[in-house]
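The numbering of the sequence shown is my numbering, which starts it at 94 and goes up by one.
Below you'll find the structure, written out as structure tokens, and then a few comments.
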Amino acid sequence: MGAEDVNNEAVDSGAGGARTVGAVLDVARRQLGEVGPSALSLRAIAREIGVVPSAIYRYLPGREAILTELIHTGYERLGAAVSAAEAQCDRDDYLGRWLATWHAARAWAVDHPHEYALLYGTPVVGYRAPQTTVAPAQTVVLTLAQISIDALASGALASSAAPLPPPGPAVTADAEAVLTSLPGLGFDVPPDLTPDMVLLVIDAWTTLFGAISFELFGHYVGSMTASCEHLEALARRCAAALGILSAACRK
94 MGAEDVNNEA VDSGAGGART VGAVLDVARR QLGEVGPSAL SLRAIAREIG
144 VVPSAIYRYL PGREAILTEL IHTGYERLGA AVSAAEAQCD RDDYLGRWLA
194 TWHAARAWAV DHPHEYALLY GTPVVGYRAP QTTVAPAQTV VLTLAQISID
244 ALASGALASS AAPLPPPGPA VTADAEAVLT SLPGLGFDVP PDLTPDMVLL
294 VIDAWTTLFG AISFELFGHY VGSMTASCEH LEALARRCAA ALGILSAACR
344 K
């Protein structure tokens, strides 16, 4: 029995299968930076980890399955980094929790640019991510929503200095639909949470990943060089729009 046969037998066991999937994803993440997602090769990955392609195929049947797992685990890894950073702040330090969320998202993206590009960059030609990737993709925005709801419920939100311009009926309807969905996502929704506040959280989420994408994809060349400081300024502006103005205790 050769080394390849031994490796393939290990794949057949449950623990061996989990280890093999982990090894496949480790190699695939590196390939994202070397050849890009469109050129991921199951055969090349199998050769590198020392198994035949059919041994991988039973767990990850082809490039699309590998891409789906990379996206799913990428969102999970990003969400875990954000959740860990936000959890380090005192629960009543709403601005600190807000800023920690923004900075942790950027730090993960900077440390894992090719994974970030798979999640938020140009879609892979011929591939469409399944619905199973939606839930892990929501961690960051749900964290921002939870911070905002906690601040509102505690009475810590400052009054807005100026009324918000009306967003229009279609956008308002979208915000109302999101508001209605929050209890189903596990939120204890205060009665005074408004569609405008929901929209401000969505705006903040959009601003956060827009700024990260502009930085990583080179759109700030010739304009913004202080990327971390700029992100903090954006975070504070979005927080202020919601009324989250208290001094942050950065840990």
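We put the beta carbon where it would ideally sit given N, CA and C, even for glycine.
None of the values given here were measured: they were computed from a predicted structure.
Within the region 291–319, complete alpha helix (DSSP H) segments of at least 4 residues are not found at all.
Listed in chain order, the non-local C-beta contacts of Glu157 below 8 Å within the same chain comprise Tyr220, local neighbours out to five positions each way being set aside. Taking the Cβ atoms as the reference, Leu272 lies roughly 7 Å from Leu286, within the contact range of under 8 Å. With a cutoff of 8 Å on beta-carbon distance, Pro229 and Glu169 are scored as near each other. Ranked by Cα distance from Ala193, the first of His205, Ala180, Ala202, Val218 is Ala180. Sequence-distant partners of Ala246 (beyond 5 residues in either direction) whose C-beta falls short of 7 Å from its own C-beta, in its chain, are Pro283. The beta-carbon separation of Ser241 and Val294, rounded to 5 Å, stays under the 8 Å limit for a contact.
In this structure, the alpha-carbon of Ala263 lies about 21 Å from that of Ala334.
For Gly172, same chain residues with a beta-carbon under 7 Å away, outside a window of 5 residues either side, are Pro229, Thr232, Val233 in chain order. Closest by C-alpha distance to Ala326, out of Leu309, Gly311, Ala297, Phe310, is Ala297. The Cβ atoms of Ala332 and Leu235 lie no closer than 8 Å to each other. Asp183 and Ala304 have their C-alpha atoms spaced approximately 26 Å apart.
Inter-residue distance for Leu338 and Ser252 is about 10 Å (C-alpha atoms, whole angstroms). Gln239 counts as buried, since at least 16 other C-beta atoms from the protein chains shown sit within 10 angstroms of its C-beta. Annotation for Pro146: the continuous alpha helix (DSSP H) segment containing it runs 146–150. Val217 and Pro146 have their C-alpha atoms spaced approximately 22 Å apart.
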